[in-house]
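**Q**
Number of protein chains: 2
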Amino acid sequence: MSPRPTIKTIAKETGLSTATVSKALNGSPQVRPDTRDKILDVAKKLGYEMNLSGVQLRTGKTHQIAMITVISSPHDDEWGGVGYAQLVYGVSDVLHDTPYRVVQYQASSYEESFDIIKRIVANRKADGIILPGTRVKDKRVEFMQAQDFPFVTYGLTEAEVPHAYVDTHNQRIVSICVERLIAKGHKRIAMLNADMVLMYSRDRENAYRQTLQDAGLKFDPSLVANGELTPAFGREQFFEMSMFDDPPTAYFCANEATAMGVLSGFHVRGYEHGRDAVVIATDDLNVSQYFSPPITTCYLPISKPSQVLGEFMLKLLNGEAPEKLQKLFVPDLIERSSDELRK
Amino acid sequence: MSPRPTIKTIAKETGLSTATVSKALNGSPQVRPDTRDKILDVAKKLGYEMNLSGVQLRTGKTHQIAMITVISSPHDDEWGGVGYAQLVYGVSDVLHDTPYRVVQYQASSYEESFDIIKRIVANRKADGIILPGTRVKDKRVEFMQAQDFPFVTYGLTEAEVPHAYVDTHNQRIVSICVERLIAKGHKRIAMLNADMVLMYSRDRENAYRQTLQDAGLKFDPSLVANGELTPAFGREQFFEMSMFDDPPTAYFCANEATAMGVLSGFHVRGYEHGRDAVVIATDDLNVSQYFSPPITTCYLPISKPSQVLGEFMLKLLNGEAPEKLQKLFVPDLIERSSDELRK
DNA sequence: CAACTTAAGTTAAACGTTTATATTTTTGAC
DNA sequence: GTCAAAAATATAAACGTTTAACTTAAGTTG
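Protein sequences, first through last, are from chains S and B.
Just so we're aligned, residue 1 is where the first sequence starts under full-length UniProt numbering, counting upward by one.
Just so we're aligned, residue 1 is where the second sequence starts under full-length UniProt numbering, counting upward by one.
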């Protein structure tokens with residue numbers, strides 16, 4: 001087994017210097033076309049593949065994209081990471097034919113994720129960072145901006161300076177879903193939402209209030225719950241709210257896991273969907289079509305934003321301006337239930 | 001902003017040579033304890049963190065663990081990667097306080113995954129490989145063994161030479177579940193299983209046949225289905241099998257996604273769980289407790305095997321023998337339904 | 001106390017790249 | 001043909017680390 005070829009091998013083989021080889025491989029215009037071809041031929045013949053640590057040492061380029069995920073407790077809640085996971089796949093997919101790889105950095109809290117980011121930036125452990133789970137005021141975003149470090153968020157923030165982001169159009173989602181419920185005659189609409197430190201939770205709550213107000217309905221804070229979007233959360237909240245004197249007739253869930261929890265609560269308490277109450281949700285895994293019963297959702301396959309996340313990252317690394325790299329996706333309403341309460 | 005400290009900085013600061021600094025940082029015995037302490041102090045004071053590409057260039061150590069995942073089409077089936085995803089989390093978690101990182105390599109077919117592995121090995125792009133989804137005869141495993149490249153599989157193989165692996169005890173799972181169903185009076189038990197090229201599918205089918213035979217029941221090939229373990233697969237198979245003249249009264253599903261699909265089929269066709277048929281499943285996300293109705297499962301939280309996967313990898317890199325690094329987990333039966341058909 | 005061993009450090013080279021600078025070759029004008 | 005300018009290629013240093021080989025100082029032994 002011969003040792004793996006380096007530019008030195010190619011240089012020896014072609015009788016040229018390593019400098020010329022390097023330039024040829026990087027497509028520099030200062031090497032004659034015919035010599036470039038010769039070099040590329042030999043490189044291919046030898047099965048040459050560049051040594052990333054050599055490049056990295058010299059240029060600082062790591063060819064790594066750090067993906068930060070915050071999971072409070074990976075052991076307790078097995079469903080937890082599912083959403084993030086799909087993100088990783090989409091991004092990996094886009095980077096497939098580039099020299100970039102996705103590297104996973106896992107934090108158990110916001111603070112820890114900030115520390116991790118500081119270390120990545122300080123030690124140039126990656127060329128760029130992908131950050132899901134943005135907060136309204138996000139110190140991490142401010143930090144990366146201050147350090148001029150390339151990053152794309154999945155989610156908006158209230159940053160002074162524009163940054164690259166991808167997100168779903170949360171306001172639209174909420175208005176689509178809540179307006180539908182109102183049109184179907186619902187007056188008591190519960191919203192099971194994520195933690196309010198997250199930007200998208202705040203956006204959704206605002207849109208929820210606005211939509212109610214536009215329809216002349218009163219906002220009732222007891223119908224809004226915030227927490228980790230798990231099935232457990234959905235079920236607990238259903239148990240609580242269904243005991244109210246004037247319980248909700250519709251549950252609007254921020255994801256499928258939560259919706260599944262509410263449906264589970266229905267089953268436990270003998271509720272029937274469409275008779276006692278209905279569930280509607282935001283959906284990115286399209287698994288709600290297999291619920292019993294299938295529920296109406298606002299669906300955006302998570303592969304879409306995650307692909308764009310990867311594309312934006314590549315463009316960012318190519319020097320494109322962050323303010324040009326912003327995209328909001330509008331999900332489709334998928335009607336699977338009438339969502340009208342039968343008398 | 002001062003440039004990040006290197007061993008040179010530490011050397012200058014302490015008045016020692018870079019060689020001594022390097023040795024001290026690596027805990028070499030040929031440096032006096034007090035000088036070592038001094039060096040470590042200065043290193044901490046400066047916030048020194050080793051430059052991995054420097055190390056890699058010199059030693060060949062990449063500090064990367066490659067995680068190979070095969071997903072036929074990341075776009076179509078959104079549920080697909082969920083299982084793998086949890087694996088990544090568990091492994092990342094174990095490696096958290098080590099210099100190792102998990103790097104995702106995604107393939108769309110067995111062949112492509114083999115190519116990827118060849119490239120990783122040939123170009124030493126990682127220090128070790130974690131390979132889920134093993135086949136009965138797995139060329140990739142043979143290749144890595146021939147190349148003496150460290151790897152741990154999630155799943156068994158029929159390899160000549162022993163290798164490091166983690167897996168669930170598939171035979172036990174099947175006998176636990178199928179014996180239970182038989183004890184509850186079921187005679188027609190369907191098995192919804194993964195593709196037969198996968199080792200665990202074969203093991204499960206063998207155990208299934210054996211358990212039936214031990215109970216004096218006849219094996220009926222039309223009650224066994226193989227395919228991608230998605231909700232869609234579960235539902236389709238239910239639709240087909242429920243039309244048989246002598247349809248199954250129990251569906252044993254190889255994972256939760258498939259079980260969800262069967263339950264969805266129940267709902268569509270007006271089947272009632274416990275009256276018309278029952279569903280039982282292998283479970284690693286513990287989400288089946290939120291199904292409507294919750295079903296009985298053989299549960300092993302995926303965080304467990306994935307943790308051990310990471311631990312085994314670290315031990316392997318520490319020079320431990322692969323044949324010492326083998327573990328089978330036996331799941332717990334979680335009874336959530338009587339699984340007896342009422343008359 | 002000479003002769004040797006051991007301990008603790010140092011020096012310098014090497015890993016695979018890129019790139020500023022230097023050198024050689026080619027080109028074009030006269 | 002000569003000469004300068006332009007184009008193509010070569011030389012060598014640098015990135016941060018480890019490590020074989022070497023040096024020096026300090027013990028140990030008979």
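From the three backbone atoms N, C-alpha and C, an ideal C-beta is built for every residue, glycine too.
Source: prediction; values computed, not measured.
#1: Which residue or residues does DSSP assign as beta-bridge partners of I130 of chain S?
#2: In the DSSP assignment, the alpha helix (DSSP H) including A146 of chain S goes from what residue to what residue?
#3: Residues in the same chain with beta-carbon distance under 8 Å from V197 of chain S, minus the five sequence neighbours each way, listed in chain order, please.
#4: Are any of the Cβ atoms in chain B nearer than 9 Å to that of K8 of chain S?
#5: Which bits of chain S does L57 of chain B rub up against, with CB to CB less than 7 Å?
#6: Can you give me, in chain order, the residues of the stretch 270-294 of chain S that have a beta carbon less than 9 Å from any beta carbon in chain B?
#7: Excluding the 5 residues preceding and the 5 following Y48 of chain B in the sequence, name in chain order all residues of the same chain whose CB lies nearer than 7 Å to its CB.
#8: Check whether the stretch 300-318 of chain B touches the stretch 86-102 of chain B, counting contact only when three or more Cβ pairs, one atom from each stretch, lie closer than 8 Å.
#9: Taking the straight line between their C-alpha atoms, what separation do you get for L156 of chain B and T168 of chain B?
#10: For P221 of chain B, is the classification buried or exposed, using 16 other Cβ atoms within 10 angstroms of its Cβ as the cut-off for buried?
#11: Would you mind reading off the limits of the alpha helix (DSSP H) that contains V260 of chain B?
#12: Taking one C-beta from the stretch 283-294 of chain B and one from the stretch 115-129 of chain B each time, how about it: are there three or more such pairs within less than 8 Å?
#13: Please list, in chain order, all residues of the same chain as T249 of chain B whose beta carbon is under 6 Å from its beta carbon, the five residues on each side excluded.
#14: For N26 of chain B, which of helix, strand or coil comes out of DSSP?
#15: Taking only three categories from DSSP, how would you classify R101 of chain B?
#16: Which residue's Cα is closest to the Cα of H267 of chain B: S:I280, S:A281, S:Q289?
#17: Taking Cβ-Cβ distances below 8 Å as the criterion, which residues of the stretch 86-98 of chain S are in contact with chain B?
#18: Nearest to M191 of chain S by alpha carbon, out of S:V174, S:P162, S:A183, S:R180?
#19: Can you grab the Cα-Cα spacing for the pair L25 of chain B / G54 of chain B, in whole Å?
#20: Please name the residue, chosen from B:A207, B:N193, B:E158, that lies closest to E179 of chain B on a Cα-to-Cα basis.
#21: Could you round the C-beta distance between E256 of chain S and L217 of chain S to whole angstroms and report it? I think they count as a contact, below 8 Å.
#22: Under 9 Å between C-beta atoms, does Y84 of chain S make it to chain B?
#23: Counting only beta-carbon separations shorter than 9 Å, does H267 of chain S have a partner in chain B?
#24: Check N318 of chain B in the structure and name its three-state DSSP category.
#25: Can you name, in chain order, every residue of its own chain whose Cβ lies under 6 Å from the Cβ of K184 of chain B, other than the five neighbours on each side?
#26: Between which residues of its own chain and I68 of chain B is the CB-CB distance below 6 Å, once the five residues before and five after are set aside?
#27: By the three-class DSSP mapping on this structure, what secondary structure does I295 of chain B have?
#28: So with Cβ pairs under 9 Å, would you call E335 of chain S a contact of chain B?
#29: Whose Cβ in chain B lies nearer than 7 Å to the Cβ of A122 of chain S?
#30: Against G261 of chain B, what residues of chain S qualify as contacts under a CB-to-CB distance less than 7 Å, listed in chain order?
#31: Between the stretch 234-254 of chain S and chain B, which residues of the former have a C-beta closer than 9 Å to a C-beta of the latter?
#32: At the level of alpha carbons, what is the spacing between T18 of chain B and S2 of chain B?
#33: When you compare only the Cα positions, how much space is there between G133 of chain S and V70 of chain S?
#34: Is it buried or exposed for T98 of chain S, if we count other Cβ within 10 angstroms and need 16 for buried?
#35: Does the distance from the CB of Y299 of chain B to the CB of L325 of chain B come in under 9 Å?
**A** With the structure as the only source:
#1: S:M67, S:V152
#2: 139-146
#3: Excluding residues within five positions, the ones whose Cβ falls inside 8 Å are Y110, R135, V136.
#4: no
#5: S53, G54, L57
#6: From the stretch 270-294 of chain S, only D284, L285, N286, V287, Q289, Y290, F291, S292, P293, P294 have a Cβ closer than 9 Å to chain B.
#7: P5, I10
#8: With a cut-off of 8 Å, the stretch 86-102 of chain B and the stretch 300-318 of chain B count as touching, because enough Cβ pairs lie within range.
#9: 9 Å
#10: exposed
#11: It is worth fixing the name first, because residue 260 of chain B is Met in this sequence and not Val. Residues 256-269.
#12: Touching, no.
#13: H186, R188, A277, L341
#14: In the displayed model, N26 of chain B falls within coil according to three-state DSSP, outside both helix and strand.
#15: strand
#16: S:Q289
#17: Q86, V88, Y89, G90, S92, D93, H96
#18: S:V174
#19: Their backbone Cα atoms lie some 14 Å apart in a straight line.
#20: B:A207
#21: E256 of chain S to L217 of chain S, Cβ: 26 Å. No contact.
#22: yes
#23: yes
#24: coil
#25: D339, E340
#26: Non-local beta-carbon contacts of I68 of chain B in its own chain, meaning distances under 6 Å to residues more than five positions away in sequence, involve Y105, S113, L131 in chain order.
#27: coil
#28: Under the Cβ criterion of 9 Å, E335 of chain S is not counted among the residues facing chain B.
#29: R4
#30: Y290
#31: G234, R235
#32: 20 Å
#33: So the alpha carbons of these two residues sit roughly 8 Å apart.
#34: Exposed, because fewer than 16 other Cβ atoms sit within 10 Å of the Cβ of T98 of chain S.
#35: no
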